[in-house]
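Colleague: Would you mind keeping the following structure in view while I ask a few things?
Here it is as structure tokens:
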């Protein structure tokens with residue numbers, strides 16, 4: 001009976017050692033799993049950051065191109081406005097010259113009409 005007890009105690013001790021060894025292996029597996037999860041998370045975060053950086057760079061370049069295009073369009077519009085203003089100035093100067101010329105013609109015609117009126121008045125006086 002003592003031999004049986006000793007054998008059972010030895011078997012129980014061996015079983016306990018196997019259980020403790022299994023518990024140690026489970027703890028190591030859990031630790032390894034946590035390390036793998038952390039590494040995977042770091043990799044995923046890094047990949048997402050890289051993807052976002054790439055997309056932000058592309059978006060920035062697109063916005064810069066749009067701003068440059070808009071600036072070019074504004075410059076072209078400003079050039080067209082300057083050309084139109086210059087043409088309007090030229091047309092206004094021409095119109096002013098024609099107006100001054102027309103005013104001179106009116107003054108000359110008025111002087112001629114006055115001279116004719118004087119001549120008629122003189123002829124009328126002479127006829128009386």
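In this note's numbering, the protein residues as written are 1 to 128.
C-beta atoms are modelled at their ideal positions from N, C-alpha and C, and glycine is treated no differently.
So, with DSSP's three-state summary, where would you put residue 99?
Modeller: helix
Colleague: Residue 36 to residue 29, Cα distance in whole Å?
Modeller: Rounded to whole angstroms, residue 36 to residue 29 spans 10 Å at the Cα level.
Colleague: To the nearest angstrom, how far is it from the Cα of residue 75 to the Cα of residue 104?
Modeller: 43 Å
Colleague: Using only the alpha-carbon positions, how far apart do residue 93 and residue 54 sit?
Modeller: 58 Å
Colleague: Do you know how far the Cα of residue 84 is from the Cα of residue 71?
Modeller: Answer to the nearest angstrom: the Cα atoms are 20 Å apart.
Colleague: Residues in its own chain within less than 8 Å of residue 129 by CB, not counting five upstream and five downstream?
Modeller: With the chain covering 1 to 128 only, the question about residue 129 has no answer from this structure.
Colleague: Given this structure, state the Cα-to-Cα distance separating residue 73 from residue 112, to the nearest angstrom.
Modeller: 58 Å
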